[in-house]
Amino acid sequence: MGKPRARERTWIKNHALEGDGLVTGFYNFLYKRNTKTMKPCKDVFIPDTIVFDHNFPRGWYTSDLKAKEISKKQGKELDAASIAAGFCKPINPNVMIVASYMCSYETENDQGETEMVTQVEFFNEDSLKEFVARKEKREGILQRFMPPKGHRNSVIQAVWSPRVCIVQRRTNVGSISDKVQAEKDPYNIAVTYEGPSHFSEEGSCAAHTTIDIKNICSNIVSHFYATEHKYITRMVLYFKVDEKDQVWLLWCGSLRVSDRDAPSQMPLNLAPHFTSPTLEVFNPQNDDKMLLEADMKHLEMTNDAIFYENFVRERNDNSPGRSPLKNTGTRQDAGDAGVSGSTAKGGKGGNANNAAGGRADSFDWQRFPGIQDQYKELCMDRDIVLSAVEDIFYEAYGHFLRHDPGAFTFEIDRKIAQTLSEDLLADLMQFLKIEHAPASGDGQTDNEDLLFVIPTNPHTPVARMSEEAARWIKKHYAAKEQELRDEAVAMPHDDEGATERKGQQDAEEDL
Numbered sequence: 001m002g003k004p005r006a007r008e009r010t011w012i013k014n015h016a017l018e019g020d021g022l023v024t025g026f027y028n029f030l031y032k033r034n035t036k037t038m039k040p041c042k043d044v045f046i047p048d049t050i051v052f053d054h055n056f057p058r059g060w061y062t063s064d065l066k067a068k069e070i071s072k073k074q075g076k077e078l079d080a081a082s083i084a085a086g087f088c089k090p091i092n093p094n095v096m097i098v099a100s101y102m103c104s105y106e107t108e109n110d111q112g113e114t115e116m117v118t119q120v121e122f123f124n125e126d127s128l129k130e131f132v133a134r135k136e137k138r139e140g141i142l143q144r145f146m147p148p149k150g151h152r153n154s155v156i157q158a159v160w161s162p163r164v165c166i167v168q169r170r171t172n173v174g175s176i177s178d179k180v181q182a183e184k185d186p187y188n189i190a191v192t193y194e195g196p197s198h199f200s201e202e203g204s205c206a207a208h209t210t211i212d213i214k215n216i217c218s219n220i221v222s223h224f225y226a227t228e229h230k231y232i233t234r235m236v237l238y239f240k241v242d243e244k245d246q247v248w249l250l251w252c253g254s255l256r257v258s259d260r261d262a263p264s265q266m267p268l269n270l271a272p273h274f275t276s277p278t279l280e281v282f283n284p285q286n287d288d289k290m291l292l293e294a295d296m297k298h299l300e301m302t303n304d305a306i307f308y309e310n311f312v313r314e315r316n317d318n319s320p321g322r323s324p325l326k327n328t329g330t331r332q333d334a335g336d337a338g339v340s341g342s343t344a345k346g347g348k349g350g351n352a353n354n355a356a357g358g359r360a361d362s363f364d365w366q367r368f369p370g371i372q373d374q375y376k377e378l379c380m381d382r383d384i385v386l387s388a389v390e391d392i393f394y395e396a397y398g399h400f401l402r403h404d405p406g407a408f409t410f411e412i413d414r415k416i417a418q419t420l421s422e423d424l425l426a427d428l429m430q431f432l433k434i435e436h437a438p439a440s441g442d443g444q445t446d447n448e449d450l451l452f453v454i455p456t457n458p459h460t461p462v463a464r465m466s467e468e469a470a471r472w473i474k475k476h477y478a479a480k481e482q483e484l485r486d487e488a489v490a491m492p493h494d495d496e497g498a499t500e501r502k503g504q505q506d507a508e509e510d511l
């Protein structure tokens, strides 16, 4: 199969700005002078933006609308009083949000893998003053909030490559003029791409806005080559249009750079992980987790079987790990552990209690120990296959973002083919209209029957192809799960109490 998705930064950078998350050095690059024109990047406008590094402001970047160029403040102009004075006054008196703070950092997820997380906060005047007085500030940016065109906050994402530029918009569902929410916590009415999807909705951009953004991207690419003598191969930028139809560049979320002789091998990250201090504190899932932990501690101390049955068992059935209840004569949940598979953020894989991939499973598999083992194995097989197929299409997506990429050839791992079965693998590829790769004859692989190719111009977009493959796999395993259910239901059942009484009678007769 194709190379596994890179989880950590094991790849070699072609440039210091190359990477994912918030690219803080991007502003200094825009300000950098072209040696021929002695001007910063032309026709690019940014809101007042202060870059923080090691708790200190390193540069204040702003746009001169008359000169149409970026300028930079530093030194004495970056004291706390100047920052508060420059950012606290709202641009629009009807919008109480004055600024946002964004930072990126690496953290370890539940699977022990390192991932880049981007955290965002929105400030009103009072919370901004608290932020300025805050001693610890991660490497990030403080940016003046630009009121959007219209009554709802809207941000535009541009995914650029030499061959194509995809421009999309997300608009918050709340009113940006909601003063009550702005005073309480502006996050809910301001967040778009940086937050959960239920806070915003997708939309399209006006044709003239799309053209303007594509021209800005071209100017940035040209300026990068003029100042850095390297090529931008892919980048993700975020923009906003204000009330006067002026397009503002907010931030860069991902960048790939290439020399002619050293192309970047790292796929572009199109699904960055965003978070917020507010979400971390008030997330309902976190609240439920804390309550469950408190109940489990109480259970460990009291060993109360009635408490376990009434308050813990139902939630514990959907959580990994065995019940902590000691042997008190109550039936134990021997199969609670299940198979979690791959549960990375983004919904890959699933839970052992959800083989169909999208609904809660209330079937009591513990009543059928033999079939329960088959069910666990089925869940594990499904997650392994889903993970492998997702990685292949992830790599394929990154491949087609390159300049003149050609066809994408990939190899399915023999173990994956055996897990799904080679006949079903052939059915899946036929369903996706993916053909076998022509035999190379060079003897580099013994698995030419597992080599497939996606042509340069596939009949279906790769992202949609990935979704269709996942649905096909989930449907297949859901059918196999139903077969196990039918088999379990058809089995004769012994009443546990009757079985126990019969055992006691047999023991008495032996005596």
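Under UniProt numbering, read the sequence shown as residues 1 to 511, first letter to last.
Don't be surprised by glycine CBs; every beta carbon is placed ideally from N, CA and C.
By the CB criterion at 9 angstroms, GLY59 and ILE50 fall inside the cutoff. Annotation for VAL221: ILE232 place their beta carbon closer than 6 angstroms to its own, counting only its chain and skipping 5 residues before and after. About 11 angstroms separates the beta carbon of PHE410 from that of VAL462, a gap too long to meet the 8 angstroms contact definition.
In this structure the region 129-136 does not touch the region 163-182; the number of beta carbon pairs closer than 8 angstroms is below three.
When C-beta atoms of the region 107-114 are compared with those of the region 136-143, fewer than three pairs fall below 8 angstroms, so the two segments do not count as touching. SER127 counts as buried, since no fewer than 16 other beta carbons sit within 10 angstroms of its beta carbon. A residue is called buried when at least 16 other Cβ atoms come within 10 angstroms of its Cβ; TYR225 does not meet this threshold and is exposed.
Counting only residues of its own chain and dropping the five nearest sequence neighbours on each side, PHE199 has a CB closer than 7 angstroms to the CB of ASN172, VAL173, ASN188 and VAL191. The beta carbon of THR24 is closer than 7 angstroms to those of VAL51, GLU139, GLY140 and ILE141 in its chain, skipping five residues each way along the sequence.
Runs of the beta strand (DSSP E) spanning 3 or more residues and lying entirely within the region 194-260 occur at 200-203, 231-241 and 247-258, in chain order. In the three-state reduction of the DSSP assignment, THR24 falls in the coil class.
Leaving aside the five residues that flank LEU425 on each side, the residues in its chain whose CB is nearer than 6 angstroms to its CB run, in chain order, ALA417. Counting C-beta pairs closer than 8 angstroms gives three or more between the region 456-473 and the region 384-394, which meets the contact rule. Runs of the alpha helix (DSSP H) spanning 4 or more residues and lying entirely within the region 64-147 occur at 80-87 and 125-133, in chain order. Cα atoms of LEU249 and ASP43: separation of roughly 10 angstroms, rounded to the nearest angstrom. For ALA158, the enclosing beta strand (DSSP E) has its first and last residue at 154-160.
For THR171, the uninterrupted beta strand (DSSP E) segment begins and ends at 165-172. Here LYS179 has MET96 as same chain residues with Cβ atoms under 7 angstroms from its own Cβ, once five neighbours each way along the sequence are excluded. A direct Cα-Cα distance of roughly 48 angstroms separates ILE176 from VAL453. Residue pairing from DSSP places VAL453 in a beta bridge opposite THR409 and GLU435. Buried is the label assigned to ASN14, since at least 16 other Cβ atoms lie within 10 Å of its Cβ. As DSSP reads the structure, TRP60 sits in a beta bridge with ILE50 and LYS73. Cβ atoms of PRO455 and ALA407 come within 8 angstroms of each other, at about 5 angstroms. In this structure, LYS137 keeps its C-beta atom at 9 angstroms or more from the C-beta atom of ASN28. ILE156 places its beta carbon less than 9 angstroms from that of LYS240.
Distances from the CA of SER161 to each of ASP373, ARG256, ASN94 and ASP64 were compared; the closest alpha carbon is that of ARG256. In the structure shown, GLY19 adopts extended strand secondary structure according to DSSP, grouped into three states.
Each of ASN447, LEU451 and ILE211 was checked against the Cα of GLU435, and the nearest Cα belongs to LEU451.
When secondary structure is reduced to three states using DSSP, PRO186 falls in the coil class, being assigned neither helix nor strand. Shortest Cα-Cα distance from CYS252 to any of GLU487, LEU30 and LYS480 involves LEU30.
Taking GLU194 as reference, the option from TYR238, LYS230 and CYS205 with the minimal CA-CA separation is TYR238. The three-state reading of DSSP puts SER421 in coil, since its state is none of H, G, I, E or B. Excluding the 5 residues flanking it on each side, ASN219 has same chain C-beta neighbours closer than 7 angstroms at CYS41, LYS42, ASP43 and VAL44, in chain order. Burial is judged here by how many other beta carbons sit within 10 angstroms of a residue's own beta carbon; GLN181 has at least 16 and is buried.
Under the criterion of beta carbons closer than 8 angstroms, ASP53 and PHE87 do not qualify as touching, at roughly 18 angstroms. Cβ neighbours of ASN447 within its own chain (closer than 7 angstroms, five residues either side excluded): GLU411 and ARG414.
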